[in-house]
């Protein structure tokens, strides 16, 4: 089985609080060092809204980072408060036409089950946007002859009824499931809620297993549709050392790779390449493998070695 690694090539999305700006040349150099000649994904985000038109991208101009061994995993966030999806569906088709062979994957919506920061769940039409968007994007990719994986993602769902995924399966039916090339999981153990060091790997494996056997099963997603870890990170900060960040990264990656066969997991993407703001006390601003001045943390070298070993 082929296993692919990637990274979000920036800091946090949408930060406008005086954080150091992106430096594309240094980002590109860091990516080159990180994965060498291994195939690699550059995760990037764009926002769609009829109400607030204009292309919002993070990192800026992500196509700059594309090489023959490095393609885009483009996430299209749905930030439209209305119900009319005409513009949304045409936007997805336009992204496929614009980026073409630079795309490895197109993710339709971001964390649509989550209404908090970073998620699309607060927008009433998001589930329709996801289901109809996956189908429309797959048809467009096929019409253009593009080898692009079309998928969606969510955070871990601990609801025993699995309402979100059950509803997606009902809404989408066979057309949605047939168009779905992968499903991603965003998870950040020991970032939003503390997790004890003892048993960390077991908690990670249990989360991955529950996502496959409970969430995806509730939607009718077959085991043949791959899973991806689309976001994972662990922020440094006061009482959160670089050494522990590296330990967490290695534990999670080795656990994911170990479960890749049984759970059909094909990719892991780290969030993020660099800190949004290394001066900030909050770990969410310090999820990077690099500090905000692009100097490496311990985890950068650990991730480079893991990519060389498993990529």
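Residue numbers (the working numbering): 111 to 421.
Glycine included, each C-beta is placed from N, C-alpha and C at the ideal position.
Specify the secondary structure class of residue i as computed by DSSP and reduced to three states.
{"i": "residue 174", "result": "helix"}
{"i": "residue 125", "result": "The predicted model places residue 125 with a pLDDT of 47, which falls under 50 and marks its position as unreliable, so this point remains unresolved."}
{"i": "residue 410", "result": "helix"}
{"i": "residue 321", "result": "helix"}
{"i": "residue 339", "result": "strand"}
{"i": "residue 296", "result": "strand"}
{"i": "residue 395", "result": "helix"}
{"i": "residue 379", "result": "strand"}
{"i": "residue 286", "result": "helix"}
{"i": "residue 259", "result": "strand"}
{"i": "residue 265", "result": "strand"}
{"i": "residue 345", "result": "coil"}
{"i": "residue 389", "result": "coil"}
In or out: residue i buried (at least 16 other Cβ within 10 Å) or exposed?
{"i": "residue 124", "result": "Any reading at residue 124 must be qualified, since the residue scores a pLDDT of 46, below 50, and its modelled position is unreliable; the value itself is stated next. Under this definition residue 124 is an exposed residue."}
{"i": "residue 337", "result": "buried"}
{"i": "residue 137", "result": "buried"}
{"i": "residue 378", "result": "buried"}
{"i": "residue 210", "result": "exposed"}
{"i": "residue 230", "result": "buried"}
{"i": "residue 254", "result": "exposed"}
{"i": "residue 268", "result": "exposed"}
{"i": "residue 157", "result": "buried"}
{"i": "residue 381", "result": "buried"}
{"i": "residue 302", "result": "exposed"}
{"i": "residue 414", "result": "buried"}
{"i": "residue 353", "result": "exposed"}
{"i": "residue 328", "result": "buried"}
Taking Cβ positions, are residue i and residue j nearer each other than 8 Å?
{"i": "residue 151", "j": "residue 114", "result": "yes"}
{"i": "residue 205", "j": "residue 195", "result": "no"}
{"i": "residue 219", "j": "residue 245", "result": "no"}
{"i": "residue 384", "j": "residue 345", "result": "no"}
{"i": "residue 214", "j": "residue 183", "result": "yes"}
{"i": "residue 398", "j": "residue 121", "result": "yes"}
{"i": "residue 240", "j": "residue 278", "result": "yes"}
{"i": "residue 324", "j": "residue 409", "result": "no"}
{"i": "residue 365", "j": "residue 314", "result": "yes"}
Starting from residue i, follow the alpha helix (DSSP H) in both directions and report where the run begins and ends.
{"i": "residue 355", "result": "352 to 373"}
{"i": "residue 209", "result": "196 to 209"}
{"i": "residue 238", "result": "236 to 254"}
{"i": "residue 144", "result": "134 to 145"}
Assuming residue i and residue j make a contact with CB atoms under 8 Å, what is their CB distance in whole Å?
{"i": "residue 190", "j": "residue 161", "result": "7 Å"}
{"i": "residue 391", "j": "residue 402", "result": "Residue 391 to residue 402, Cβ: 14 Å. No contact."}
{"i": "residue 375", "j": "residue 331", "result": "Their Cβ separation, rounded to whole angstroms, is 13 Å, which puts residue 375 and residue 331 out of contact at 8 Å."}
{"i": "residue 297", "j": "residue 266", "result": "5 Å"}
{"i": "residue 132", "j": "residue 172", "result": "In fact, because the Cβ distance is near 10 Å, the residues do not count as touching under 8 Å."}
Tell me whether residue i counts as near the ligand NAD, meaning its Cβ is closer than 7 Å to at least one heavy atom of that ligand.
{"i": "residue 178", "result": "For the structure depicted, the ligand NAD is absent and the ligand set is empty, with no information on it obtainable."}
Counting along the chain, where does the beta strand (DSSP E) carrying residue i start and finish?
{"i": "residue 158", "result": "150 to 158"}
{"i": "residue 167", "result": "166 to 168"}
{"i": "residue 214", "result": "213 to 218"}
{"i": "residue 116", "result": "114 to 118"}
{"i": "residue 326", "result": "Here residue 326 belongs to no beta strand (DSSP E), and DSSP marks it neither H nor E."}
{"i": "residue 188", "result": "180 to 188"}
I want to see whether chain B comes within less than 8 Å of residue i, judged by CB atoms only; does it?
{"i": "residue 261", "result": "Included in the structure is just one protein chain, with no chain B present."}
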